[in-house]
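Numbering (our numbering), first residue to last: -18 to 43.
Structure follows, in structure tokens:
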């Protein structure tokens, strides 16, 4: 998700009487949600890339 999209999503949840600091908090909150989602996806990708059987044995022939 792009930063522009984050800004629009956060701004759509606010009322006209919202202060600039509330807008910043809303944007940071949305960014935290996206970061946590990406973290979960990264952990899953790393877990899937692990192959414990490779490199565990060395075959030596002379």
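Think of the CB as a built atom: it goes at the ideal place given N, C-alpha and C, for glycine as much as any other residue. Fair warning: this is a prediction, and the values are worked out from it, not measured in the lab.
Residue i - DSSP class collapsed to helix/strand/coil
| i | result |
| --- | --- |
| residue 2 | helix |
| residue 15 | helix |
| residue 38 | coil |
| residue 43 | coil |
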